[in-house]
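The opening residue of the sequence shown carries number 29 in the working numbering; numbering runs sequentially from there.
Ideal Cβ placement from N, Cα and C applies to all residues, glycine included.
These figures come from a predicted structure and were not determined experimentally.
Here the structure comes first, spelled out in C-alpha cells, and everything after it is commentary.
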Amino acid sequence: MTTERTSVAILGAGPAGLLLSHLLHLNGIASILVEARDREYVQARVRAGVVEHGAADILRQAGVGERMDREGLPHGGIELRFDGAGHRIAMSELTGRHITVYGQQEIVHDLAERRIADGGDVRFACGPAAIHDVDSGEPSVTYTVDGAEHRIVADFVVACDGAHGAGRPAMGETLKTFEKVYPFAWLGILAHAAPRVDELVYANHERGFALYSMRSHEVTRLYLQVPSTDRLEDWSDERIWDELAVRFSLDGEPWEPTRGEIFERSLAPLRSYVGEPMQRGRLFLAGDAAHTVPPTGAKGMNLAIRDVDLLARALTEQLRHGAEEGLRTYTDRALRAVWRAEYFSWWMTTMLHRFDGDSGFDRRVQTAQLRSVVGSEAHATALSENYVG
Ligand code: RFL
Ligand code: PHB
C-alpha cells in the first residue's frame, strides 16, 4: 500500500469536487481529488442546465466562466403554461438578474480542463474510494486500482461524492436525515432540434408536468413527468414527442416542439433530502452528498457551487491562519441556503406536477396557485428571486 499526504482529500469530480479543488488551488492549498469513474464518463453525464446568477458569479470570479459567458444562453424569463395558456414570468425586470442556460457537463469539462492545465492532482477511474478515521486528527481516504491499495492521509476530507457516495455513510450516527420521495420521475431527452422557444417552458397539464429546455440553438432538452415505475423501454420516440405535444397544448390544441433525433435519454427519480449536520470531525460534506432537491427548481448544481465556495474559504482560513470560525459555522451557513432551495424546489414541484389521488379540490387549488403567481407581481417576484438566485 502506498501512503501519501495532502491538506485536503476530496472525493468526487462532479461540479462540487472539481470547483473545490480549483478554489483551494487559487488559495495556495494542496488537495488530491479521487473520482470513481473515468474522465470521459464524468464529462458525458448529462444533468443540470440552469446556472443561477450567484453561481455564475462564483465561476467567473474563479476564472472558469469564460466559455459559459461566450456559449451559454442568458435568459431573462420563464414561461408557466397551464389551462392551455402561457404566462411569462419576467425575471430580469422583476429582479435585475438573469440565469444562464449552460450544461452541467460543460462546467465539469471546463473545470477538469483547468485543473489539469494547472497541474492539479485529479485522479479519475479510481473506483469507489472509502473514508476513514474522521474523528481523529489523521483522517484518510483509500482506493484500489489494479489490485494496488492507495491511502491518502489529509488534514481534512471533503465528500463531494453525490447521493450514493461514501460521504453520507461515513457520517454514521451523527447524521439526522430529512427526506421526501415523490411518486414520479422525470424522463429527460436531448434532441438535435432547434428549440421552438427562446425561454424555458414549465407546463402543468392534466396528464402531468412537462419542461421545455435547451442546451444551444441546435439542441433541445425536454422532460416529461412519468410514474416512478415506468422504464425507458416503455417510451418510444414517437410516444415521447406525442405526449410532449399534448402537455404543451395551447388553446386546447396540441403544440409541437420541433422534433429531431433523440441522442440521449434518462430517467431520474424525484426526491428531497437533507442530512444534518454537514460535518463530522474532520469530514465535510458538500453538494449532492449533503442534500438533494427535485430538479423542478433547477437548484442542485447551484447549491453544490455555493457549498464549496463557503467551504473553500473556511478551509483556507483554517489551514493558512488557524482560524476555526469558518469551519465551525459551515453547516449553519450552508444549511440556510439549502433549506431555502429545498423549500423553493418542493413548492415548484407541488405546484407543477400531477399527483395521483389528487381530488378535484386539490387540482383547483393548484390552478388558483398558478393564477396567483402569474397574476400578482409580488408573487411572481418571489418566484423570480428564488429562481435566479
Ligand atoms: P455529482 O455531480 O453527483 O458528482 C459526484 C461524483 O462523485 C463520484 N463518486 C465517487 N468518487 C469517489 N469515491 C466514491 N465513493 C464515489 N461515489 C461517487 C461520482 O462518480 C460523481 O462523479 O455531485 P455534485 O458535484 O454535488 O453536483 C451536484 C449536481 O450534479 C446535481 O445537484 C445537479 O445535477 C442537479 N440538477 C440540476 N441542478 C441545477 O442546479 N440546475 C438544473 O437545471 C438541474 N437539473 C439536475 C437537473 C439533476 C437531474 N438529475 C439527473 C437528477 C436535471 C436532472 C434530470
Ligand atoms: C435542464 O435544462 O436540464 C433543466 C432546466 C430547468 C430545470 C431542470 C433542468 O428546472
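Asked                                                                                                                   : Found
Whole alpha helix (DSSP H) elements within the stretch 37–78, 4-residue minimum                                         : 43–54 and 67–72
Backbone secondary structure at Met199 - three-state DSSP                                                               : coil
Asp149 CB to nearest heavy atom of ligand 1 below 8 Å                                                                   : no
Ala187 beta carbon less than 9 Å from that of Ala198                                                                    : yes
Endpoints, beta strand (DSSP E) assigned at Glu289                                                                      : Glu289 to Glu304
Contact check, Phe383 vs Pro211, beta carbons under 9 Å                                                                 : yes
Near ligand 2: Met119 beta-carbon under 8 Å from a heavy atom                                                           : no
Near ligand 2: Pro323 beta-carbon under 8 Å from a heavy atom                                                           : yes
Extent of the continuous alpha helix (DSSP H) run through Tyr6                                                          : There is no way to answer for residue 6, as the model of the chain reaches only from 29 to 417.
Straight-line Cα distance separating Ala342 from Thr359                                                                 : 11 Å
Arg151 versus Glu289: straight-line alpha-carbon distance, rounded                                                      : 35 Å
Neighbourhood of Leu313 by C-beta distance below 6 Å, restricted to the same chain and skipping five residues each side : Ala187, Gly195 and Met306
Residue(s) in a DSSP beta bridge with Ile217                                                                            : Leu250 and Arg293
In DSSP terms, what Arg418 is bridged to                                                                                : Because the chain in this structure spans residues 29 to 417, residue 418 falls outside the shown range and cannot be described.
Contact belief for Gly42 with Gly315 at Cβ below 8 Å, rounded distance in angstroms                                     : 6 Å
Identity of the residue in Ala273, Ala37, Val366 and Thr409 nearest Pro159 by Cα                                        : The sequence given here has Ile at residue 159, not Pro. Closest option to Ile159, Cα to Cα, is Ala37.
Counterpart residues of Ile180 in DSSP-defined beta bridges                                                             : Glu32 and Val169
Separation of Gln346 from Glu352, as counted between CA atoms                                                           : 5 Å
Val129 to Val70 span [Cα, whole Å]                                                                                      : 20 Å
8 Å contact criterion, which Arg243 and Leu218 should meet: CB distance rounded                                         : 7 Å
Near ligand 2: Gly112 beta-carbon under 8 Å from a heavy atom                                                           : no
Stretch pair the stretch 246–253 + the stretch 218–233: three plus CB contacts closer than 8 Å                          : yes
9 Å Cβ cutoff met for Thr34 and Asp149                                                                                  : yes
CA-to-CA distance, Phe372 to Arg414, given in whole angstroms                                                           : Contrary to the premise, residue 414 reads as Asn rather than Arg in this sequence. About 7 Å.
First through last residue of the alpha helix (DSSP H) which encompasses Gly190                                         : Premise fails: Gly190 is in no alpha helix (DSSP H) and is neither H nor E.
Straight-line Cα distance separating Gly114 from Asp279                                                                 : 9 Å
Gln132 beta carbon near ligand 1 (any heavy atom closer than 8 Å)                                                       : yes
Distance between beta carbons of Leu338 and Pro167, contact taken as under 8 Å                                          : Not confirmed; about 20 Å, so no contact.
Helix, strand or coil at Pro323 [DSSP, three-state]                                                                     : helix
Top-ranked residue by Cα proximity to Ile135, from Ile333, Lys204 and Leu203                                            : Ile333
Closest by C-alpha distance to Val336, when choosing among Pro322, Val366 and His349                                    : Val366
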